[in-house]
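Worksheet: the structure to be examined is printed underneath.
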Amino acid sequence: MEGIDLHFQALERCRTKVGKLANRIRDELSDDHPAPPSNTSDYGDLTGSAALAGLVDTLEGLIHEELQQVREKLGGVEHALETVQNNVRGANDASGPGER
Numbered sequence: 001m002e003g004i005d006l007h008f009q010a011l012e013r014c015r016t017k018v019g020k021l022a023n024r025i026r027d028e029l030s031d032d033h034p035a036p037p038s039n040t041s042d043y044g045d046l047t048g049s050a051a052l053a054g055l056v057d058t059l060e061g062l063i064h065e066e067l068q069q070v071r072e073k074l075g076g077v078e079h080a081l082e083t084v085q086n087n088v089r090g091a092n093d094a095s096g097p098g099e100r
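Residue 1 is where the sequence shown starts when you use full-length UniProt numbering, and the numbers rise one by one after that.
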């Protein structure tokens, strides 16, 4: 019984950590991303400031998309770990007290 309890604890710790990381990514997305479009005046009188502002906006968009994908994948991992936990518990319970 101790061995299976350790597996349950390990799965739970892993799922919890993945969930916390997913929440941090979600919070990051909601706080500052995507940033408002750049204003060419942000770059002063630089030649090509409009092009620079466009590149910054493109980069911001790419970062936002990547963070969304990371959040979605972490959510999938968390869900998969929960499914594994439930399956292991179900198999353990089905084995009955005499089988452990």
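Even for Gly, the Cβ is constructed at its ideal location relative to N, Cα and C.
Assuming the contact rule is C-beta atoms closer than 8 Å, residue i and residue j should be a hit. Round their C-beta distance to whole Å, please.
i, j, result
"Arg15", "Glu78", "6 Å"
"Pro37", "His64", "That belief does not hold up - the Cβ atoms of Pro37 and His64 are roughly 12 Å apart, past 8 Å."
If we call anything under 9 Å between Cβ atoms a contact, is residue i one with residue j?
i, j, result
"residue 131", "Val84", "As shown, the chain starts at 1 and ends at 100. That puts residue 131 outside it, with no answer to give."
"Leu62", "Leu29", "no"
"Asp42", "Ala53", "yes"
"Val70", "Phe8", "no"
"Ile25", "Leu74", "yes"
"Ser49", "Thr40", "yes"
To the nearest angstrom, how far is it from the Cα of residue i to the Cα of residue j?
i, j, result
"Gly19", "Val56", "31 Å"
Would residue i pass as an interface residue toward chain B - the criterion being a Cβ-Cβ separation below 9 Å?
i, result
"Arg24", "The chain inventory of the structure shown lacks chain B, comprising one protein chain alone."
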